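Novice:
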Amino acid sequence: MKIKCAIIDDEPLASGLLKSYVEKTSYLSLDGIYGSALEAMRGLRERPVQLIFLDIQMPDLSGLELAKLLPKETKIIFTTAFQQYALEGYKVSAIDYIMKPISYEDFIKATNKALEWFGMSKPPQAYISDRFMYVKSDYKLIRVCLDNILYIEGLKDYVRISLDNGEKVLSLMNLRKMEDNLPHPEFLRTHRSYIVHMPKVESVERFRVIVGEEAIPVSDSYKEDVQNYFEKHLLV
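Quick note on the working numbering: the sequence shown kicks off at 1388 and runs consecutively.
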């Protein structure tokens, strides 16, 4: 399920940036871009949406004025270059507001609130799409391609993601939540502290698998799942 959304902004650069963000966010579907509040009022009658990214400062009719005319079931994320408009935005029950210039990190934070509002599930510390994910690391979101992951190590409240280019990404999340949101059996738990990207395994020994230059342990609790994976890929 995707959230059907529209963009209302009189600045082409701003609406173009938002369009690019929507298009690379798998749980959003763009259904209209409007250059003014008056144009949007006409368009939304014919093509109603669930969520609107709404600029506050616009000629003729402001975003705040338009918000009061929209159906209550239509949710709003305000975009503005002025901090003082935030309180006014919350008075019309906006889900959130984003300060311009808009970063993708702020965009994801705001749309995650929309996910919660519409009752759609999401992982609390990461957003995972088809072949990549965004994870929180040092107060920013980092894009990690699933195909580049070698293995993931659990470190109490953190995970350390090891990539095939030698990079390691630390994120505040437990290993169980990460496991629940990765494709199975492509990613398998081999040990209470490790998740392995199975296509990256170069060799298998009795109690460990070799991934890159690392020997990852395979514990008794997860041995059967690992064996089943290799049996399905074994040439005989």
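Using N, Cα and C, we set each Cβ at its ideal position, and we do this for glycine too. Remember, it's a predicted structure, so these values are computed and weren't measured experimentally.
What are the start and end residues of the beta strand (DSSP E) that includes Val1591?
Specialist: Val1588 to Val1591
Novice: What three-state label does DSSP hand Met1445 in the structure shown?
Specialist: coil
Novice: Enumerated in chain order, which unbroken segments of the beta strand (DSSP E) with a length of 3 residues or greater are wholly contained in the region 1547-1593?
Specialist: 1555-1559, 1574-1578, 1581-1584 and 1588-1591
Novice: Can you tell me where the alpha helix (DSSP H) with Ala1427 in it begins and where it stops?
Specialist: Ala1427 -> alpha helix (DSSP H) spans Ala1424 to Glu1433.
Novice: Closest Cβ-Cβ distance between Val1588 and chain B: below 7 Å?
Specialist: Absent here is chain B; the protein component of the structure consists of one chain.
Novice: Whole angstroms are fine: how far does the CA of Asp1544 sit from the CA of Pro1570?
Specialist: 22 Å
Novice: For Ile1536, collect the residues of the same chain with a Cβ closer than 7 Å to its Cβ; drop the 5 residues on either side in sequence, then sort them by chain order.
Specialist: Ile1548, Leu1550 and His1584, listed in sequence order.
Novice: Contact check, Val1546 vs Leu1562 under 8 Å by CB: the rounded distance?
Specialist: 6 Å
Novice: Within the continuous alpha helix (DSSP H) that includes Lys1500, where are the two ends?
Specialist: Per DSSP, Lys1500 belongs to the alpha helix (DSSP H) from Tyr1491 to Trp1504.
Novice: Should Ala1481 and Ile1495 be called a contact, given that it needs their Cβ atoms to be closer than 7 Å?
Specialist: no
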